[in-house]
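Asks: If you read the sequence shown in the numbering used here, its first letter stands for residue 108, the second for the next number, and so on.
I'd like to ask you about the structure that follows.
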Amino acid sequence: MATAMPKGVFSVDRIVSDLAVFIDSSDLHSLRELWSYLEGKFFSRLAPTHSSVVKKYEFGLYKFYLVEALKAGRKDKLSEFFEKMATELNPYPEWKEWYLIGYIKNPEDHSTASTYSNKNYREAFFVSIRNFLTVIYHRTWTVAEVSPKNPYSIEIMDDFFSIAQPKLG
C-alpha cells in the first residue's frame, strides 16, 4: 500500500482519503490492496447479512475509479481494470453496461456513469463510507469486549448510504 499506516493506528479519515487518492490517481493496485486490508481486518468479522452493503461500497469505489480514469483520458487504466477485474465482476449483472465505459465521451451524459461523475453524489458516498467504517471500527471493538461470543449482531447500515443510492428507472 502506498501510504501504509503506522502499526496500531487506525484512522478512518486517512483510509477514506487514501481511497479517494487511489481513485483519482488511477491506482487500482493500491485501491484493491487497501480494500483487501479492510476486508481482512473488519468486513470479514461482520455478520453475513452485511456482505451486500460491503459489496455495494466496493463496487461504488470501482465505479468512481472508472469514471475518473475516463475523465482523465486514461483508457489504458480502463482496459487494465477490466482485464484484472472481469472474473470477479462478471457474475454481477450491474457490471454489464460498465464494460462499454471506454466508448463514451462524456460520463455526465451517460445513464450508467452519470451518477458517479456527480460531485454531490461523490461527497455523499464518501461521507457514507466514512460513517460506515467508523461504526464498524468502534462497534467491532466495543461489542467484542462486552460480548465476545456474538460481537457482530448489530445493525451497521447508515442513513447516508440509503440516501446516496442512485435512483433506478
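For each residue, glycine too, the CB sits at the ideal point set by N, CA and C.
Keep in mind that this is a model prediction, so the values were computed, not measured.
#1: Let me know if Arg121 comes out buried or exposed under the rule of 16 or more other beta-carbons within 10 Å of its beta-carbon.
#2: Taking 8 Å as the limit between beta carbons, can you name the residues of its chain near Ala127, skipping five residues before and five after?
#3: Does the contact criterion of 3 or more C-beta pairs under 8 Å hold for the stretch 187 to 201 versus the stretch 147 to 157?
#4: Only counting runs of 4 or more residues, tell me where the alpha helix (DSSP H) segments fall wholly within the stretch 170 to 203, in order along the chain.
#5: Quick one: Cα of Ala251 to Cα of Arg139, how far?
#6: For Ile221, I'd like the list of residues in its chain whose CB is within less than 8 Å of its CB, leaving aside the five on either flank, ordered along the chain.
#7: Evaluate Asp125 with the Cβ neighbour count: other Cβ atoms within 10 Å of its Cβ, from every protein chain shown; 16 or more gives buried, anything less gives exposed.
#8: Quick check: what's the CA-CA separation for Leu177 versus Leu240?
#9: Could you please give the first and the last residue of the uninterrupted alpha helix (DSSP H) stretch that includes His157?
#10: Assuming His136 is part of the alpha helix (DSSP H), what are its boundary residues?
#11: Starting from the Cα of Glu175, find the closest Cα among Ile211, His245 and Ser235 and give me that residue.
#12: Thinking Val123 and Ile236 are a contact (beta carbons under 8 Å), I'd like their distance in whole angstroms, please.
#13: Given this structure, state the Cα-to-Cα distance separating Ser82 from His245, to the nearest angstrom.
#14: On a CA-only basis, which of Glu204, Pro198, Arg229 and Gly209 is nearest Leu168? Give me that one, please.
Replies: In brief:
#1: exposed
#2: Phe233
#3: no
#4: 182 to 196
#5: In this prediction, Ala251 scores a pLDDT of 39, lower than 50, which makes its location untrustworthy; the coordinate-derived value is nonetheless stated afterwards. Whole-angstrom Cα-Cα distance: 27 Å.
#6: Strictly speaking, residue 221 in this sequence is Ser, with Ile absent from that position. If we look at Ser221 and ignore the five residues flanking it on each side, its Cβ neighbours are Pro214 and Glu215.
#7: buried
#8: 28 Å
#9: No alpha helix (DSSP H) holds His157; DSSP gives it neither H nor E.
#10: Leu135 to Lys148
#11: Ile211
#12: 6 Å
#13: Examination of residue 82 is not possible in this model, given that the chain is present from 108 through 276 alone.
#14: Arg229
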